[in-house]
Structures are given as C-alpha cells and as structure tokens.
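Trainee:
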Amino acid sequence: MVSLLVAVIVVLLPTLSVGLTPKGDVRPEDLKYLGCYQDDGWNNRAFRKVLYDARPRIDWTRWRDLSYIVRICASKLLESGKNDAVFSVQNWGECRIDSDPERYKKFTHSSKCISHVAGPMLNAVYKIAIQNCNVNDSMYINGRTQFIPQGPTQCHACKCKEGQTECKTIVCDYSFKCEKYTPLRKNSCCSKCACHHLGKDKMNGEEWDDRRDPSSCSQCRCINGEAFCEKTACSANCPYPEYIPGKCCPRCRPKAPTTSPWEIITLPTSRPQPTFPPWLSGAFGKRSLRKKRSNKAKVFSKEASRDY
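Residues -19 to -1, 1 to 289 in mature numbering (1 follows the signal peptide of the UniProt record, and there is no 0) are what the sequence shown spells out, letter by letter.
Structure representation (structure tokens):
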C-alpha cells in the first residue's frame, strides 16, 4: 500500500495572524538575573502571586545547581501568555509573579540566594529576555516551529527566529483521492485519510475497490483507522473475467466447453414391415404356405359335414 507522502514547497511568508502556543524549556541564555531580594514579611511580599509550584520536580541530588527549576518557571510563565515578564523563585521552587513588575525594587537586596534559587522569604528575581514572536496575542518561543493548518491538504510550518516568523508551505500528497479526513492532531500538518468509501465508514482490516475514476481502479485497505490505496493495473488478456466484490481485477476463468444445440427427432406414425435375412426368408415362406393349406382344409371339412 502507498503510505502518506509529504511534498514540501518552501515559501517565505510574512508574520501570520494566528495563535501559536509555546512549548519546551527555556534556554539559560534566554533569562536575565536581576538580583536577590528579601520580603518584608508574610503580608508584604515582593511577588504576591504563586504561578506554579515546581518543588515536586526538584532533584535534591543536584541541589548545587537548580537552574533547571528557574527555566521551568520561565516556561510556565510563557505558557500563560506573558512575554518579557519578571518573576521570582522563592522557597527553592515557588514560581511567583506580581501585577507590578517593578515592585521588587522597593525591597531590600540580599546575598542569601544560592543555587540560582532562593529560600523562604527570599526572591531570586529573573526576567525573560528572549525574542519571542507575538502573533495574534500569543507567544511563540524563539527557535520553535509551529504547524498552522491551511485546509486538509496543506499547512504552514512557521519558525520564530529572533522575533521574526518565517514560514514554508507543506503540501500533503496522499497519492490518491481521499474521500474523508481524520481530525488533525495537535501541532501536526497533514491529516490522515479516513477509512471511508461512498458514504460508508470501513472497519479495520476491510478492503474495497475504488472505481470513481473510470480510467483506473484503486485497491484500498483500512489499517488502524487509516486508508491506504494503490492504483491497480489489471491484465488485458482475460477474455472470460469473473468480477469479485471488493477487488479491482477480475479472476480469469478458462473458456467453457462448447456443445451442439439440441435436435428434435420426429418418430414415424406407422410401423414398417420387418425384414429378414435371405437364408430365413424361404423357411418363413414354406411355413406360411402350409398354414394356409391347413386352414383351407379345415374350412372344407366343416362345410362338407354341414351338407350332410
């Protein structure tokens, strides 16, 4: 069977007005460290809202370097749609933010932040300093590629590069005329061709022949919910074909034997005289003569006796 083939046509496009969702961890060079600051108390914090608690993801065997926790906080911040945001890592793994990105400056500097994070009542303050792509009020992480559907048979593959979006068109070539497409998976370009023919869904493992094109026939099969079809060339030397449902090519049968048509024989209405061999004809003639003479003698005797 012919699997899904994808032909790529590169076309540079301007920034597209579509939603793009950031994915993946932030690189260390995408963050800028702004310093360590101390809260004034439980009710007076530099960053008043907890965005995400990354402490369950801490590997304490690597406690000397918890910079990956900082990148997790930055990724969660980008996923929330905030770019160029300021945040802090407190209590070893609490990702905290505030509606006033300059509020932390009102608090006292500290030198007690260690391992790129801070303990209780302390704030290791960072700023996201990567050049993301802001498209349709959504953040697209620098260096990431997003697939943007353009109908069932093509999409735009867009990459964010230093704040600019570069796109290329990907055309999905199914090698056959697909009748129905499956729902497109998240961050995918090409849909799969569904197991469907002439308005009816096909079961897994089912086969059928597609004769919509009068000049050719495609043999199709459903495999794990996806249709695979291949054009089939049938033998031209088949004078006695037997067509099988679901198959493109007929089964070639041998030529059937020929017989003469039925004949009607008319029987005679009268029975012919029997014929005998020559050597029997004389015997039958003498016997017949003696019989005639005997009968005449009997008749004469009866008549004579009646006269007397």
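The beta carbon of each residue, even a glycine, is placed where N, CA and C say it ideally should be.
Suppose only complete runs of 3+ residues qualify. What are the beta strand (DSSP E) ranges in the stretch 65 to 118, listed by chain order?
Mentor: DSSP runs (the beta strand (DSSP E)) wholly in the stretch 65 to 118: 67 to 71, 75 to 78, 103 to 109 and 114 to 116.
Trainee: Using DSSP with H/G/I as helix, E/B as strand and the rest coil, what is Y121?
Mentor: Reduced to three states, the DSSP call for Y121 is strand.
Trainee: Ends of the beta strand (DSSP E) at Y155?
Mentor: Per DSSP, Y155 belongs to no beta strand (DSSP E) and is neither H nor E.
Trainee: What beta strand (DSSP E) runs, 3 residues minimum, are completely inside the stretch 168 to 221?
Mentor: If we require 3 residues or more, the beta strand (DSSP E) runs fully inside the stretch 168 to 221 come out as 188 to 191, 198 to 204 and 207 to 213.
Trainee: Using the Cα positions of Q200 and D191, report the straight-line distance between them to the nearest angstrom.
Mentor: Whole-angstrom Cα-Cα distance: 6 Å.
Trainee: Have a look at T126, P133 and Y155 and flag the residue whose alpha-carbon is nearest the alpha-carbon of C141.
Mentor: Of the listed residues, the one whose Cα sits closest to C141 is T126.
Trainee: Going by alpha carbons, who is nearest to R166 out of K158, P130 and C198?
Mentor: Selected option, being the one with the closest Cα: P130.
Trainee: Here's the rule: buried if 16 or more other CB atoms are within 10 angstroms of the residue's CB, otherwise exposed. What is H90?
Mentor: So H90 ends up on the exposed side.
Trainee: What is the DSSP secondary structure of L(-8), reduced to helix, strand or coil?
Mentor: Residue confidence is low: L(-8) scores 37 on pLDDT, short of 50, so the model does not pin down where it sits. Its coordinate-derived value is still stated next. Correct three-state label for L(-8): coil.
Trainee: By DSSP, does E223 sit in helix, in strand, or in coil?
Mentor: Residue state, collapsed to three classes: strand.
Trainee: Would the beta-carbon of P235 fall within 9 Å of that of Y224?
Mentor: Contact: no.
Trainee: For the pair the stretch 20 to 30 and the stretch 43 to 50, tell me if three or more CB-CB distances fall below 8 Å.
Mentor: No, because fewer than three Cβ pairs between the stretch 20 to 30 and the stretch 43 to 50 fall closer than 8 Å, the two stretches do not touch.
Trainee: Return the chain-ordered list of same chain residues with a C-beta closer than 7 Å to the C-beta of E160, the five sequence neighbours on each side being excluded.
Mentor: Counting only Cβ-Cβ distances below 7 Å, and skipping sequence neighbours, we find H177 and H178.
Trainee: Within 10 angstroms of the Cβ of C17, are there 16 or more other Cβ atoms? Answer buried if so, exposed if not.
Mentor: By the neighbour-count rule (16 or more Cβ atoms within 10 Å), C17 is buried.
Trainee: Just the C-alpha distance for P3 and E207, rounded to the nearest angstrom, thanks.
Mentor: At P3, the pLDDT of 37 sits below 50, so the modelled position is not reliable and the matter cannot be decided from this model.
Trainee: Where does the unbroken beta strand (DSSP E) through Y14 begin, and where does it stop?
Mentor: Segment L12 to Q19, the beta strand (DSSP E) holding Y14.
Trainee: Quick one: give me the first and last residue of the beta strand (DSSP E) that Y33 is part of.
Mentor: Its beta strand (DSSP E) spans residues K30 to D34.
Trainee: Below 6 Å CB to CB, which residues in the same chain sit around Q145 once its five sequence neighbours on both sides are set aside?
Mentor: Closer than 6 Å at the Cβ level, and outside the excluded window around Q145, lies no residue.
Trainee: Excluding five sequence neighbours on each side, which residues of the same chain lie with their C-beta closer than 8 Å to the C-beta of L(-8)?
Mentor: At L(-8), the pLDDT of 37 sits below 50, so the modelled position is not reliable and the matter cannot be decided from this model.
Trainee: Can the beta-carbon of V70 be found closer than 9 Å to that of Y107?
Mentor: Cβ atoms of V70 and Y107: closer than 9 Å.
Trainee: Using only CA atoms, which one of T213, S197, A110 and C233 lies nearest to V7?
Mentor: Checking every option, the nearest Cα to that of V7 belongs to A110.
Trainee: Is DSSP giving T2 helix, strand or coil here?
Mentor: Any answer about T2 is weak, because its pLDDT of 33 lies below 50 and its placement is not dependable; what the coordinates show is given next. Here T2 sits in coil by DSSP.
Trainee: In or out: C54 buried (at least 16 other Cβ within 10 Å) or exposed?
Mentor: With 16 or more Cβ atoms within 10 Å of its Cβ, C54 is classed as buried.
Trainee: Roughly how far, in whole angstroms, is the beta-carbon of C229 from the beta-carbon of F157, given that I think they are within contact range, below 8 Å?
Mentor: Contact doesn't hold; Cβ gap of about 13 Å is too wide.
Trainee: Rounded to the nearest angstrom, what separates C114 and C136 at their Cα positions?
Mentor: Each residue's Cα considered, the two are about 19 Å apart.
Trainee: Return the bridge partner residues of P130 from the DSSP annotation.
Mentor: P130 is bridged to C136.
Trainee: Can the beta-carbon of L32 be found less than 9 Å from the beta-carbon of K57?
Mentor: Yes.
Trainee: Just reading off the alpha helix (DSSP H) that L58 is part of, what are its end residues?
Mentor: Element bounds for L58: S48 to E60.
Trainee: Nearest-angstrom Cα distance between D40 and G74?
Mentor: Going by the C-alpha atoms only, they are around 11 Å apart.
Trainee: Are the beta-carbon atoms belonging to P101 and N72 less than 9 Å from one another?
Mentor: In contact: P101 and N72 (Cβ atoms closer than 9 Å).
Trainee: To the nearest angstrom, report how far apart C198 and Y155 are at their CA atoms.
Mentor: Roughly 16 Å between the two C-alpha positions.
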